[in-house]
Amino acid sequence: MTRVRVRGIYATALTARLLDAGHEVVDASPPIRRRFDAEFPKEPPDVRIATSSDRQGVGASGDPDAVDAVRALLTDAGRDALAWPDPTPPGAVLDGEVTETLGGGAVVDLRAGDGRADGDGGDAAGTPPWGAEGYLPYGDVDARVETGDSVRVQVRESAAPWTDRRPELAGELRVGGDLVALEPGSGTRVDVRDDEAARELSGMIDLLGLEPPAGWRAVWRPPSVDADTAALTAGLDAAVDAAEELCATVGPADGESDGGADGEGGLGVLDDRSRLRDAPIAAPNVGVWAWFGRESRFGLDDARRTATATMPGHHRVKAGSADASAGVDLAEALCDPDPEAEFPFAVVTDAFGPREGDALRIDHGKPDGRLITLGEGTVTGVDPDGTVTVEREMTGGGTYDGLGVAREAGDVAETSLKEGRWWYPTTYWGRDGTVRGTYVNVCTPVEVFPDAARYVDLHVDVVKRPDGTVERVDDDVLDESVAGGDTPEPLAEKARSVASALENAL
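Just so you know, the UniProt record's numbering puts 335 at position 335 of the sequence shown, and the rest follows in order with no gaps.
Dropping the structure here:
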């Protein structure tokens, strides 16, 4: 049984699925306790699950075996749920080099070695190579940081691979969980605003009879105010074990102002480039990022509905924007939604967009976790059936992918995006009104959010050239993606089926 802490817009659905699978949910939020009418223990979790910053999916991090145990539960939400290992899980200690200094911090090229066994940058499970850019705020490192400096850092907060955010780094070690953490220093620090509670917690170390490792101090976090003694003891025990394990790998927490550069394993700015390593110095946790597509969000609606009233498209709407998320909460609080009703696309777009005349991005996801923005166009039509038409004016130069037709300045690309469809066409028009070709992209079900249409490209596509010839392209790319572990076979089978139907229809 795995102990899991869940937060974010998918918390109720995932709590229901975790409990059904025999896992234990711990440190549940007040809404979760009310919806399940249960008391959840305040114990240190084996895995933490939280919604990504853009609400498109979740990140899970923790004990390697425990993360493995919940990964399948996340990807089983639907055919269009995809997951990728996190190259920078919270708590990992990595070497890197400063490549750029910004106003508030530095960009760090993390020197994690390629974790793939076959030496070609990937293994059969589709594991990405270690290595990513991170962001190191100046306030989180003692020494002055300049471009070209070699640094040893710890990941404070990771970032989903499909976002443009960088993982946040720090130049000082910290271990522990939501109740108590350990950091280099002496004494005890209480990170709560309640003075009475702070005084009580400040003496808790002595009361519990636990001693942090030499050079470390306890930091009591806000949730510790409501925790009982057993939970505080368990949290501190877990933090002490983690600190001792990290010390054995990285070195002692000496608290020196230079980040420990004179002692083996210290963090911060390094004085010797030869100390840089080609692998994580320490990775006490592993992580995984799971992206949910439209089919998966509706599957999560079904799971949530077992615990509380849930409108059709609950997670689909919440994933669109913070305002839309608040609107869902209000609607469900005011009325009991009909679970058999259709997804109210017209109502949602009228309230939150996109509307005619709005700018809309086309966010083109890839099965390996990357996100490519194909451009931003103008919405020229919104149909109640879920179809949104977008036009983009093209620049000259090159040819249209798959069509072999020259791209000329003034050409217009007209894209028809229908909510929930496994494909969408883009027709290219010359300035004289002639059709220059149509490219039909096969993808996971399209979702039209207020500021972007979102899907994951499934590689295989169908093109119709100006002379009327139809060709199916990139089957080999899809096959390679399946072999590389990026595209699950059931998803690939659906893509091939859709491509065959389109080929016959065109």
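C-beta: ideal position from N, C-alpha, C; glycine also.
What does residue 85 pair with, by DSSP beta-bridge criteria?
The residue labelled residue 85 in the question sits at position 85 within the sequence shown. According to DSSP, which records beta bridges pairwise, residue 85 is partnered with 288.
What number of angstroms, rounded off, separates the C-alpha of residue 263 from the C-alpha of residue 46?
Locating residue 263 in the sequence shown gives position 263, counting from the first residue. Locating residue 46 in the sequence shown gives position 46, counting from the first residue. Any reading at residue 263 needs caution, since the residue's pLDDT is 37, under 50, leaving its predicted position unreliable; the model's value is listed next. For residue 263 and residue 46, the distance between alpha carbons rounds to 31 Å.
Grab me the residues of residue 314's own chain with a C-beta within less than 7 Å of its C-beta, minus the 5 sequence neighbours each way, in chain order.
Taking the first residue of the sequence shown as position 1, residue 314 is located at position 314. 301, 304 and 328, listed in sequence order.
Between residue 418 and residue 162, what straight-line distance do the alpha-carbon atoms span, to the nearest angstrom?
Within the sequence shown, the letter at position 418 stands for residue 418. Within the sequence shown, the letter at position 162 stands for residue 162. The straight-line gap from Cα to Cα measures roughly 22 Å.
Thinking just about the alpha-carbon of each residue, which of 167, 145, 147 and 141 is nearest to the one in residue 53?
To locate residue 53, count along the sequence shown from 1; it is residue 53. The shortest Cα separation from residue 53 among 167, 145, 147 and 141 belongs to 167.
Any idea what DSSP makes of residue 124, helix, strand or coil?
Locating residue 124 in the sequence shown gives position 124, counting from the first residue. Here residue 124 scores only 30 on pLDDT, less than 50, and its place in the model is too uncertain to base an answer on.
Between residue 50 and residue 60, what straight-line distance do the alpha-carbon atoms span, to the nearest angstrom?
For the purposes of this step, residue 50 is taken as the residue at position 50 of the sequence shown. For the purposes of this step, residue 60 is taken as the residue at position 60 of the sequence shown. Cα to Cα, residue 50 sits roughly 7 Å from residue 60.
Could you name the residues of the same chain whose beta carbon sits closer than 7 Å to that of residue 16, not counting the 5 residues immediately before and after it, in chain order?
Walking along the sequence shown from the start, residue 16 turns up at place 16. So the list reads 303, 304, 306 and 307, once near-sequence residues are dropped.
Residues in its own chain within less than 7 Å of residue 346 by CB, not counting five upstream and five downstream?
Position 346 of the sequence shown, counted from the start, is the residue given in the question as residue 346. Result list for residue 346: 384, in chain order.
In whole angstroms, what separates the C-alpha of residue 367 from that of residue 81?
Here residue 367 corresponds to residue number 367 of the sequence shown, with the count starting at 1. Here residue 81 corresponds to residue number 81 of the sequence shown, with the count starting at 1. If I take the Cα positions, the gap works out to 10 Å.
Residue 465 by DSSP, collapsed to three states: which one?
Here residue 465 refers to the residue found at position 465 of the sequence shown. Reduced to three states, the DSSP call for residue 465 is coil.
Using the three-state DSSP reduction, which class does residue 444 fall into: helix, strand or coil?
Residue mapping note: residue 444 aligns to position 444 of the sequence shown, counting from 1. Note: residue 444 maps to coil in three-state DSSP.
From residue 259 to residue 453, what distance separates their C-alpha atoms?
Residue mapping note: residue 259 aligns to position 259 of the sequence shown, counting from 1. Residue mapping note: residue 453 aligns to position 453 of the sequence shown, counting from 1. Summary for residue 259: the model assigns pLDDT 39, below 50, so the residue's position carries little reliability, and this model does not support an answer.
Between the beta-carbon of residue 441 and the beta-carbon of residue 428, is there less than 8 Å?
Stepping through the sequence shown from its first residue, residue 441 is reached at position 441. Stepping through the sequence shown from its first residue, residue 428 is reached at position 428. No, Cβ-Cβ distance for residue 441 and residue 428 is not below 8 Å.
So is residue 377 buried or exposed if we call it buried at 16+ other beta carbons inside 10 Å?
Position 377 of the sequence shown, counting from 1, holds the residue named residue 377. The residue in question, residue 377, is buried, as its Cβ has 16 or more Cβ neighbours within 10 Å.
Would you say the stretch 220-237 touches the stretch 200-212, given that touching needs at least three Cβ pairs under 8 Å?
Touching, per the Cβ criterion.
Nearest to residue 151 by alpha carbon, out of 165, 160 and 169?
Counted from its first residue, the sequence shown places residue 151 at position 151. Answer by Cα proximity: 169.
Under three-state DSSP, which class holds residue 41?
Here the question's residue 41 lines up with position 41 in the sequence shown. Correct three-state label for residue 41: coil.
Exposed or buried, residue 112, counting other C-beta atoms within 10 Å across all chains shown (16 or more means buried)?
As a first step, residue 112 is located in the sequence shown; it is residue number 112 there, counting from the start. Note that residue 112 scores 49 on pLDDT, short of 50, meaning its location in the model is unreliable and no value can be drawn from it.
What's the call for residue 372, buried or exposed, on a 16-neighbour Cβ count within 10 Å?
Numbered from its first residue, the sequence shown carries residue 372 at position 372. The residue in question, residue 372, is exposed, as its Cβ has fewer than 16 Cβ neighbours within 10 Å.
Straight-line CA distance for residue 576 to residue 446?
Residue 576 is absent from the structure shown; the chain starts at 1 and stops at 506.
Please confirm whether residue 173 and residue 250 have their CB atoms less than 8 Å apart.
Taking the sequence shown and counting its residues from 1, one reaches residue 173 at position 173. Taking the sequence shown and counting its residues from 1, one reaches residue 250 at position 250. A contact, by the Cβ cut-off of 8 Å.
Quick check: the stretch 133-153 against the stretch 27-40, are at least 3 beta-carbon pairs closer than 8 Å?
No, because fewer than three Cβ pairs between the stretch 27-40 and the stretch 133-153 fall closer than 8 Å, the two stretches do not touch.
Alpha carbon to alpha carbon, how far is residue 330 from residue 23? Give it in angstroms, no decimals.
Taking the sequence shown and counting its residues from 1, the one referred to as residue 23 is at position 23. Taking the sequence shown and counting its residues from 1, the one referred to as residue 330 is at position 330. Near 31 Å, if we compare the C-alpha coordinates of residue 330 and residue 23.
Let's see if you can read the secondary structure: which residues bound the beta strand (DSSP E) around residue 364?
Within the sequence shown, residue 364 is the residue found at index 364, counting from 1. 359-365 is the span of the beta strand (DSSP E), which, as asked, contains residue 364.
Looking at the structure shown, is residue 109 part of a helix, part of a strand, or coil, going by DSSP?
Position 109 of the sequence shown, counting from 1, holds the residue named residue 109. Correct three-state label for residue 109: strand.
Do residue 492 and residue 478 have their C-beta atoms within less than 8 Å of each other?
Locating residue 492 in the sequence shown gives position 492, where the first residue counts as 1. Locating residue 478 in the sequence shown gives position 478, where the first residue counts as 1. Yes, Cβ-Cβ distance for residue 492 and residue 478 is below 8 Å.
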